[in-house]
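S.K.:
Chains as they are written, first to last, in the numbering used here: chain B, 142 to 760; chain D, 10 to 248.
(1) Mind pulling the chain B residues with CB within less than 8 Å of residue 96 of chain D?
(2) Kindly list the residues whose CB is nearer than 7 Å to the CB of residue 84 of chain D, restricted to its own chain and excluding five residues on each side of it in sequence; keep chain order.
(3) Pick from D/186, D/220, D/211, D/178: whose alpha carbon is nearest that of residue 201 of chain D?
(4) Should residue 140 of chain D be labelled buried (16 or more other beta-carbon atoms within 10 Å of its own) or exposed?
(5) Check distances from the C-beta atoms of the stretch 208-240 of chain D to those of chain B and list, in chain order, the residues that come in under 7 Å.
(6) Kindly identify the DSSP beta-bridge partner or partners of residue 168 of chain B.
(7) Residue 261 of chain B to residue 168 of chain B, Cα distance in whole Å?
(8) Do residue 377 of chain B and residue 605 of chain B have their beta-carbon atoms positioned less than 8 Å apart in this structure?
(9) Any idea if residue 169 of chain D is buried or exposed, counting beta-carbon neighbours within 10 angstroms, 16 or more meaning buried?
(10) Give the DSSP-derived three-state secondary structure of residue 385 of chain B in the structure shown.
(11) How long is the line joining the alpha carbons of residue 339 of chain B and residue 330 of chain B, rounded to whole angstroms?
(12) Terminal residues of the continuous alpha helix (DSSP H) containing residue 336 of chain B?
(13) Can you name the residues of chain B whose CB is closer than 9 Å to the CB of residue 11 of chain D?
(14) Against residue 67 of chain D, what residues of chain B qualify as contacts under a CB-to-CB distance less than 9 Å, listed in chain order?
(15) Could you check whether the Cβ of residue 504 of chain B sits closer than 8 Å to any Cβ belonging to chain A?
(16) Report the partner residues of residue 36 of chain D according to the DSSP bridge assignment.
(17) Beta-carbon within less than 6 Å of residue 64 of chain D's beta-carbon, same chain only, minus the 5 sequence neighbours each way: which residues are those?
(18) According to DSSP, which residues form a beta bridge with residue 227 of chain D?
(19) List the residues of chain B that residue 151 of chain D touches, going by C-beta distances under 9 Å, in chain order.
(20) Find the residues of chain B that neighbour residue 81 of chain D, judging by a C-beta separation of less than 9 Å, and give them in chain order.
(21) For residue 154 of chain D and chain B, any beta-carbon pair shorter than 8 Å?
(22) Can you tell which of B/192, B/216, B/392 has its C-alpha closest to the C-alpha of residue 467 of chain B?
(23) Less than 8 Å between the beta carbons of residue 578 of chain B and residue 627 of chain B, yes or no?
(24) At a cut of 8 Å, does the stretch 558-569 of chain B reach the stretch 407-415 of chain B through at least three beta carbon pairs?
(25) Closer than 8 Å is the cut-off here; do at least three beta carbon pairs connect the stretch 468-476 of chain B with the stretch 424-438 of chain B?
(26) Can you give me the Cβ contacts of residue 251 of chain B inside the same chain, cut-off strictly under 7 Å, excluding the 5 residues immediately before and after it?
(27) In chain B, what lies closer than 9 Å to residue 43 of chain D by C-beta?
(28) State yes or no: is the beta carbon of residue 74 of chain D nearer than 8 Å to at least one beta carbon in chain B?
(29) From this set, B/239, B/445, B/296, which residue's C-alpha is nearest residue 646 of chain B's C-alpha?
(30) If distances are taken between C-alpha atoms only, which option among D/94, D/138, D/159, D/99 comes closest to residue 42 of chain D?
(31) Quick check on the DSSP output: the alpha helix (DSSP H) that includes residue 447 of chain B runs from which residue to which?
(32) Taking buried to mean at least 16 other C-beta atoms within 10 Å of its own C-beta, is residue 242 of chain D buried or exposed?
(33) Determine the closest residue to residue 148 of chain B out of B/196, B/165, B/247, with distance taken between C-alpha atoms.
(34) So is residue 160 of chain D in contact with chain B if we call contact Cβ pairs under 8 Å?
(35) Which same chain residues, not among the five before or five after residue 155 of chain B, have their C-beta less than 6 Å away from its C-beta?
(36) Does the beta carbon of residue 46 of chain D come closer than 8 Å to any beta carbon on chain B?
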């Protein structure tokens, strides 16, 4: 980017290669300083939060300045040095819901070129029956050579593919070229300078927004698909045509003062749609909380049309006020599910789940997040799943995230925006259709090692289970695979033989791509799971998991929350060096600070002590 | 620094910020009857952060109990104790417990100092340690008065004036600049103030992250809530 007309952007090329859901994206940008003096040139890129940067380099006057992944603490020392000498360092910032921004700047001599190359990798996650590749582009000026190229290699075959860009009108959509054959897709978008122009006589560019590719693969085998390359294997499991398991769901909804206004309106709207979408064989409960906990009915109710209609009227009349007692609300939900199960009111083969929706920190009843986590974990005792929707930025998302992970569930942040209703519905849609419970994927101990997680509490409709590992002997090219799970009526069992396919035969012209992608996919997945383990469990396990994640991040060159990428910039005229640092944000770092989280007209929130406390402190 | 007045009998809290130039010393507590004085000095960040906002924190407190003949100077570096002309220096890197006839001290390594002055007051000073090489921030202190019921009715100071409670009413809750941060009108000390519902952190149980305490935030250095102006509490020396 540049605001100076004396800097010309020669080319912006985004090259994304997806091999069995593992996406490797390289963004290359070349700029020329046409001025007679040196100038600062900025490179700003937005990349998905789920991605790890793996490389960044700059080429200036024939010299390449390459990045090196280092342990974060060690990199900090260089950062400190840079800051104390008055230099700026590269920074990654959160941008919106899905992306984070990487930005650097460098001083470029007169009449010189600079080439920036950023590489990142991620495993595409299947959600609601599709994978999504999101590339955000916003060059600040017209670009001589602008190109986005995506190549997808999926040995299972591509079931459908859709590519579009938010900045393209229907007339310009044909600029996106797609070639899809059975196991391969090629998508390219390469507008000329004239086609980039906003209007015939202006310099503004239309290229500003998201380029999105969505696709899914064929699923013919119940066992799923197992791929073996170079001593590593990956198993994708999402069997077709499984009936859903019925569910018993307790909705625990925050109606404290901070939910008033738009948030509660959106919650009401979403709940109405969600209730309307319940299957008749499902059971549900509605529990509302502020400092008081109230339940629509004393036990779970079958989702008949009449009951749902009655519940919708109830939901429409939810009023807000008061403070936030998450602990007792969740415990009531657990007790209600337990009691109904004990009294055999619920179908035997069904799944119990609690969906908590809150926007703030607990400040009534038990307000210590760690104690709430302990209480909820003890009460649930592994018998049900807890999902949480954290509404807005003031919620302590990591508190919800850990609590859900401790209870076979997951948390999602709901961003305050006009589409919050849709976000709420979307999350519910993702988790509302369990197909299998307690899914175990088993591989022979004598054949494989260093497995990623191979037990999953649920498989949801539209999602996919991924397990990867290393073969003990890289000469092995087949082994037995078994999958067990609990289905709607019967137990689900399937077994089969994994065998290596010959990628050279499948993709004869591109075999060079496939040398180590499964190993990197395995490493990516292992690091993600270790980072998650670093958040829960006992201190010893946490420390071990974090140490392993750090080792692997360094070995595979991933910029994770434990590592930083350091690039030494060219020496300035006064001879000082100034490193650039690229880092990965944690969820907590993404949270914006604010003064409000949990407000209410003083009502009944409790302090840990009845002694008044007078404080002066800093933030 | 932020000031937080927790009022459990009203299930509520008040908060405000006071900032001034680094180096300024504020009087926090002054009780002429019992002879207790607490002053604190603020410092700023190591340099101006990129957002241009200068943050100040307390880094040094001077505490005197004239009747008991006790004095304390607590800084982010160390803790100096004076009692009956004796002088003792403690380090934050120690864990120490000292019981005297008039004063008990408990130092928890790199974390807190609890001071109990006989028949008068109990308070905790928290040490917030910042990464040594942090480009902007540095270590600072927090001051928590835990037991204030034996202060006399003449106690005053930025904190002391609240030791015997405060009467106020909050009405007219209305949307603020941000929908989730509503404004309201607070009637206090014969004035109507525009206040905002927010929170401030109490770090006693979790010195790193703190715990949020919802409070009514009084703008402009607590103007209207505190007696006079913040500048009225500036003093020339720590003791």
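A virtual CB, placed ideally from N, CA and C, is assigned to each residue, including glycine. Since we're looking at a predicted model, the values are computed, not measured.
M.R.: By the coordinates alone:
(1) As a first step, residue 96 of chain D must be located in the second chain, where it is residue number 87. Within chain B, no residue comes near residue 96 of chain D; the closest Cβ sits about 27 Å away, beyond 8 Å.
(2) Translated into positions along the second chain, residue 84 of chain D becomes position 75. Here the set comprises 68, 69.
(3) Translated into positions along the second chain, residue 201 of chain D becomes position 192. Of D/186, D/220, D/211, D/178, the residue nearest in Cα terms is D/178.
(4) Position 131 of the second chain, counted from the first residue, corresponds to residue 140 of chain D. So residue 140 of chain D counts as exposed.
(5) 208, 210, 211, 212, 221, 223, 226
(6) The count along the first chain starts at 1 and reaches residue 168 of chain B at position 27. In the DSSP output, where bridge partners are listed per residue, residue 168 of chain B has B/155, B/259.
(7) One-based indexing of the first chain puts residue 261 of chain B at position 120. One-based indexing of the first chain puts residue 168 of chain B at position 27. For residue 261 of chain B and residue 168 of chain B, the distance between alpha carbons rounds to 9 Å.
(8) What you label residue 605 of chain B is simply residue 464 of the first chain in a count that begins at 1. What you label residue 377 of chain B is simply residue 236 of the first chain in a count that begins at 1. Yes, these two residues count as a Cβ contact at 8 Å.
(9) Looking up residue 169 of chain D in the second chain gives position 160. Classification of residue 169 of chain D: buried, given that the 10 Å Cβ count is 16 or more.
(10) Against the first chain, residue 385 of chain B aligns to sequence position 244. Coil, per DSSP.
(11) Position 198 of the first chain, counting from 1, holds the residue named residue 339 of chain B. Position 189 of the first chain, counting from 1, holds the residue named residue 330 of chain B. The alpha-carbon atoms of residue 339 of chain B and residue 330 of chain B are separated by roughly 17 Å.
(12) Counting from 1 along the first chain, the entry for residue 336 of chain B is found at position 195. Counting along the chain, the alpha helix (DSSP H) containing residue 336 of chain B begins and ends at 334-337.
(13) Mapped onto the second chain, residue 11 of chain D falls at position 2. 756, 757, 758, 759, 760, listed in chain order.
(14) For the purposes of this step, residue 67 of chain D is taken as the residue at position 58 of the second chain. Near residue 67 of chain D (Cβ distances below 9 Å), the residues of chain B are 757, 758, 759.
(15) Absent from the structure is chain A; the protein chains it does hold are B and D.
(16) As a position in the second chain, residue 36 of chain D is number 27, starting the count at 1. Partner(s): D/48.
(17) The residue you call residue 64 of chain D lines up with position 55 of the second chain. Closer than 6 Å at the Cβ level, and outside the excluded window around residue 64 of chain D, lie 54.
(18) Numbered from 1 along the second chain, position 218 holds the residue referred to as residue 227 of chain D. D/204, per the DSSP bridge assignment.
(19) For the purposes of this step, residue 151 of chain D is taken as residue 142 along the second chain, with counting starting at 1. Near residue 151 of chain D (Cβ distances below 9 Å), the residues of chain B are 756, 757, 758, 759.
(20) By one-based count along the second chain, residue 81 of chain D stands at place 72. In chain order: nothing, as chain B lies at least about 16 Å away.
(21) Counted from its first residue, the second chain places residue 154 of chain D at position 145. Output row for residue 154 of chain D: interface = yes.
(22) For this step, residue 467 of chain B is matched to residue 326 along the first chain. Among B/192, B/216, B/392, the Cα nearest to that of residue 467 of chain B is on B/392.
(23) Numbered from 1 along the first chain, position 437 holds the residue referred to as residue 578 of chain B. Numbered from 1 along the first chain, position 486 holds the residue referred to as residue 627 of chain B. Yes; because the gap between Cβ atoms is below 8 Å, this pair is in contact.
(24) yes
(25) yes
(26) Here residue 251 of chain B refers to the residue found at position 110 of the first chain. Answer for residue 251 of chain B: 174, 176, 177, 178, 179, listed in chain order.
(27) The sequence position of residue 43 of chain D within the second chain is 34, counting from 1. Going along chain B, no residue has its Cβ under 9 Å from residue 43 of chain D, so there is no contact; the nearest lies around 16 Å.
(28) In the second chain, counting from the first residue as 1, residue 74 of chain D sits at position 65. So no, residue 74 of chain D is outside the interface.
(29) Looking up residue 646 of chain B in the first chain gives position 505. It is B/296 whose Cα lies nearest to the Cα of residue 646 of chain B.
(30) Taking the first residue of the second chain as position 1, residue 42 of chain D is located at position 33. The shortest C-alpha separation from residue 42 of chain D is found at D/159.
(31) Your numbering for residue 447 of chain B matches position 306 in the first chain. First-last of the alpha helix (DSSP H) with residue 447 of chain B: 446-457.
(32) Position 233 of the second chain, counted from the start, is the residue given in the question as residue 242 of chain D. It is buried - the Cβ of residue 242 of chain D has at least 16 other Cβ atoms within 10 Å.
(33) Reading the first chain from its first residue, position 7 is the one you call residue 148 of chain B. For residue 148 of chain B, the nearest C-alpha among the options comes from B/247.
(34) Mapped onto the second chain, residue 160 of chain D falls at position 151. Chain B, which has no Cβ nearer than 8 Å to the Cβ of residue 160 of chain D, makes this no.
(35) Translated into positions along the first chain, residue 155 of chain B becomes position 14. Contacts found: 168, 276, 289.
(36) Working through the second chain from its first residue, we reach residue 46 of chain D at position 37. Answer no: the Cβ-Cβ gap between residue 46 of chain D and chain B never drops below 8 Å.
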